[in-house]
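Take a look at the structure below.
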Amino acid sequence: MSAQALLYQPPLQDMHFVIEHWLDAPADWRRMPAFQALDGETLALSTQAMGRFCTQVLAPLNHPGDAQGCTLQGGRVRTPEGFAAAYQTFVQDGWPTLACDPAWGGQGLPQLWDAVLYEMLPAANHAWSMYPGLLHGAYACLRAHASDALRQAYLPHIVSGRWLATMCLTEPQAGSDLGLLRTQALPHGDGSFTLHGQKIFITGGDQDMSENIVHLVLARLPDAPAGSKGLSLFLVPHRLGDDLAQANGVFCDGIEKKMGIKGSATCALRFEHARGWLIGQANKGLAAMFVMMNSARLHVGLQGLGHAQMANQLAHAYAAERRQMRAQPRPGGTQEAADPIALHPPVQRILLDLRVWSEGMRAIAYWAAHQLDVAEHAPDEAERAQARARAALLTPIIKSLFTERGFALASDALQVFGGYGYIHEYGIEQTVRDSRIPMIYEGTNQIQALDLLQRKALASPDALAPLLEVFDQEAAASASQPQAAPLAQALRHWCDKLQALTGALRESAAQPDGPGAIATAAEDYLRLAGLVCLAWAWTRSARIAATQPAVPAQLAQAKHASASHFLHHILPEAAYRLHRIEAALAAPILCGPAPAPTAAGG
Numbered sequence: 001m002s003a004q005a006l007l008y009q010p011p012l013q014d015m016h017f018v019i020e021h022w023l024d025a026p027a028d029w030r031r032m033p034a035f036q037a038l039d040g041e042t043l044a045l046s047t048q049a050m051g052r053f054c055t056q057v058l059a060p061l062n063h064p065g066d067a068q069g070c071t072l073q074g075g076r077v078r079t080p081e082g083f084a085a086a087y088q089t090f091v092q093d094g095w096p097t098l099a100c101d102p103a104w105g106g107q108g109l110p111q112l113w114d115a116v117l118y119e120m121l122p123a124a125n126h127a128w129s130m131y132p133g134l135l136h137g138a139y140a141c142l143r144a145h146a147s148d149a150l151r152q153a154y155l156p157h158i159v160s161g162r163w164l165a166t167m168c169l170t171e172p173q174a175g176s177d178l179g180l181l182r183t184q185a186l187p188h189g190d191g192s193f194t195l196h197g198q199k200i201f202i203t204g205g206d207q208d209m210s211e212n213i214v215h216l217v218l219a220r221l222p223d224a225p226a227g228s229k230g231l232s233l234f235l236v237p238h239r240l241g242d243d244l245a246q247a248n249g250v251f252c253d254g255i256e257k258k259m260g261i262k263g264s265a266t267c268a269l270r271f272e273h274a275r276g277w278l279i280g281q282a283n284k285g286l287a288a289m290f291v292m293m294n295s296a297r298l299h300v301g302l303q304g305l306g307h308a309q310m311a312n313q314l315a316h317a318y319a320a321e322r323r324q325m326r327a328q329p330r331p332g333g334t335q336e337a338a339d340p341i342a343l344h345p346p347v348q349r350i351l352l353d354l355r356v357w358s359e360g361m362r363a364i365a366y367w368a369a370h371q372l373d374v375a376e377h378a379p380d381e382a383e384r385a386q387a388r389a390r391a392a393l394l395t396p397i398i399k400s401l402f403t404e405r406g407f408a409l410a411s412d413a414l415q416v417f418g419g420y421g422y423i424h425e426y427g428i429e430q431t432v433r434d435s436r437i438p439m440i441y442e443g444t445n446q447i448q449a450l451d452l453l454q455r456k457a458l459a460s461p462d463a464l465a466p467l468l469e470v471f472d473q474e475a476a477a478s479a480s481q482p483q484a485a486p487l488a489q490a491l492r493h494w495c496d497k498l499q500a501l502t503g504a505l506r507e508s509a510a511q512p513d514g515p516g517a518i519a520t521a522a523e524d525y526l527r528l529a530g531l532v533c534l535a536w537a538w539t540r541s542a543r544i545a546a547t548q549p550a551v552p553a554q555l556a557q558a559k560h561a562s563a564s565h566f567l568h569h570i571l572p573e574a575a576y577r578l579h580r581i582e583a584a585l586a587a588p589i590l591c592g593p594a595p596a597p598t599a600a601g602g
């Protein structure tokens, strides 16, 4: 394989299949005044331009950036060669403005457009994509909660991308438990505050790519209550003044040496007499921050999808060229001493897994992004409320399941390469390393599972209805279509199982050992819910591929093969997850000290 063959190529055909046929997004856009002028041709031109930027500008920087990494010189971060120039092109081309309000300099396009972009970016160059990755979340947070003065001063710069943004939560003693945060904010008397404290693991806490950095920082006021109820959110610019000539007491004390995403500067920041301004209400910082956090979690899920797609691309390209042994059965007429490994059933299974997971996750991710557009722009309030509920349920599933799958599928793809996959030049080992961190940041996957089950699914008896009603409608629509009927039957079965299981978990939660059982079952519950979502996605794909003449015949044939593989080789995992959840209800893991290992390592 040549080095060029290893560079990312966006799957434009499948992206367009999902948006134009599977979602039928243009039909919804025509109902929304903000998007009525959009059509498939506009989408095609935009996605092609996104693809060119990713393949021609970002992808060539991926491996060199991994090798070079970031450095700290005189207290300032230097990003890998080419990163800053690529970002200037990104800004000049207007990509940060896609889904932002025209009132603040945005293009006013759907968030679905943004989702397509943020699938491509991390697939082409995950480390680089971390720098603009929080822009839309910062925009949404300030738009929803900041004062008019702050919005006027900062939103145009964030929307344009001229200024980048960070999310400053974690401290050495406070990771998932934000109630342990210690950073202090002291009132200045003029409406501003002085911040003192240390934050760690801050992506892009310092860099040489943008004119300024807008830090969104969780901190405590002097009279704040203890725990998470005493946190407030502050905007702290890296530099002050109209000419940005004044430093603002934000210092980078170091950058982490990491397993992956080495071109992304993960900084330890020190706030020392740093001037900031309150966002929203005092002691209500978490509510404001979660606007940004939810946006970030969807983007992290898209990173998992991007890694899965890149692994899919690399494995298919290598398996088509690498010849080893004779396939069983062997293609007729061949005289070669060995066949491409893509013809060997064990490799074919891996390749199908890669394709089926990637395409199924893409459909769900784009649907979630489309729900955000419906939630903001649909003419009917009831429809908007349903869309908000669906997006809330999907967010932890997308963040957790997609990132876990991105890492696992990258590892499976490395197996296709054999020993060559373990060395640097073929690129898949970098994908494995880079794909590990999304399972941890923006709320660990275990936290996502607890959020889905405890805070969402068990909140009320009909909490899952916004999703299950859509799934039931698809099962009914597909039941009479021969290509989709087996999947429709399985979908209805697992919807019923998920609903009944959720009821049993709700009853268990009220028992003395209920909290332990719920916590034990949470990860398997999220995985089961994700499999049901995928069953719906592939049922719908099979029906649309069979019934819409506009779908190319070769693509339709591939969709039917993928749907069959999902039904017979992936969906059976649902029974395993159900069994584990039932076991958790019967015998939850009880909290207690873990046994110490013996001297012999036992």
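Residues in the sequence shown are numbered from 1 upward in steps of one, following UniProt numbering. Just so you know, even glycine gets a beta-carbon here, dropped at the ideal spot from N, CA and C.
- In terms of Cβ geometry, Y154 and Y87 do not form a close pair [threshold 8 Å].
- Here R330 carries a coil assignment [DSSP, helix/strand/coil].
- A49 and G304 have their C-alpha atoms some 22 Å from each other.
- CA-to-CA, the gap between M293 and H299 works out to about 10 Å.
- DSSP, reduced to helix, strand and coil, places N294 within a helical segment of the structure shown.
- Distance from the CA of T431 to the CA of L414, rounded to the nearest whole angstrom, comes to 9 Å.
- Of the residues L269, P11, H493, S564, the one whose Cα lies closest to the Cα of T183 is L269.
- Taking a C-beta distance under 8 Å as the contact criterion, A99 and Q111 qualify as a contact pair.
- Counting every other CB atom within 10 Å of its CB across the protein chains shown gives M259 a total below 16, marking it as exposed.
- Rounded to the nearest angstrom, the gap between the Cα atoms of L109 and G137 is 16 Å.
- Straight-line measurement puts the Cα of P10 at about 19 Å from the Cα of F407.
- Within the DSSP secondary-structure output, W536 pairs in no beta bridge.
- The beta carbons of A127 and C54 sit no closer together than 8 Å.
- Excluding its 5 nearest sequence neighbours in each direction, K399 has C-beta neighbours in its own chain below 6 Å: R297, V300, G301, Q448, listed in chain order.
- Per DSSP, reduced to three states, the secondary structure at G51 is helical.
- Taken through DSSP and simplified to helix, strand or coil, T444 comes out as coil.
- For L505, there is no enclosing beta strand (DSSP E); the enclosing alpha helix (DSSP H) has its first and last residue at 485–509.
- For Q371, same chain residues with a beta-carbon under 8 Å away, outside a window of 5 residues either side, are A387, R388, R390, A391, L394 in chain order.
- Segment contact: the stretch 533–545 against the stretch 349–364, three or more CB-CB distances shorter than 8 Å; contact assigned.
- Within the stretch 95–177, the beta strand (DSSP E) runs of at least 3 residues that lie entirely inside it are, in chain order, 163–168.
- For L314, the closest alpha carbon among the candidates G106, Y426, P396, L221 is that of Y426.
- A residue is called buried once 16 or more other Cβ atoms fall within 10 Å of its Cβ, and I423, having fewer, is exposed.
- For A342 and G332, the gap between their C-alpha atoms comes out near 16 Å.
- Remark: C-beta atoms of A475 and L491 approach each other more closely than 8 Å.
- Look at D451 here: in three-state DSSP terms it is helix.
- Annotation for V57: no alpha helix (DSSP H) segment contains it, and DSSP assigns it neither H nor E.
- Under a 10 Å Cβ-count criterion, A219 is classified as buried, with 16 or more other Cβ atoms of the shown protein chains found around its own Cβ.
- Contact check for N248 against A274 passes: the beta carbons are separated by less than 8 Å.
- With respect to the 8 Å criterion, P64 and L7 are not classified as neighbours on the basis of their beta carbons.
- Spatial neighbours of R577 in its own chain (CB-CB distance under 6 Å, excluding positions within 5 residues in sequence) are listed in chain order as D524, R527, L528.
- Across the structure, G230 and L150 are spaced so that their CA atoms are roughly 22 Å apart.
- DSSP, reduced to helix, strand and coil, places S46 within a helical segment of the structure shown.
- Sixteen is the threshold: when 16 or more other Cβ atoms of the shown chains lie within 10 Å of the Cβ of L467, as they do, the residue is buried.
- Under the DSSP assignment, H238 falls outside any beta strand (DSSP E); it carries neither an H nor an E label.
- Residue D373 holds the alpha-carbon nearest to the alpha-carbon of D28 among I440, D373, P438.
- In the structure shown, the three-state DSSP call for T183 is coil.
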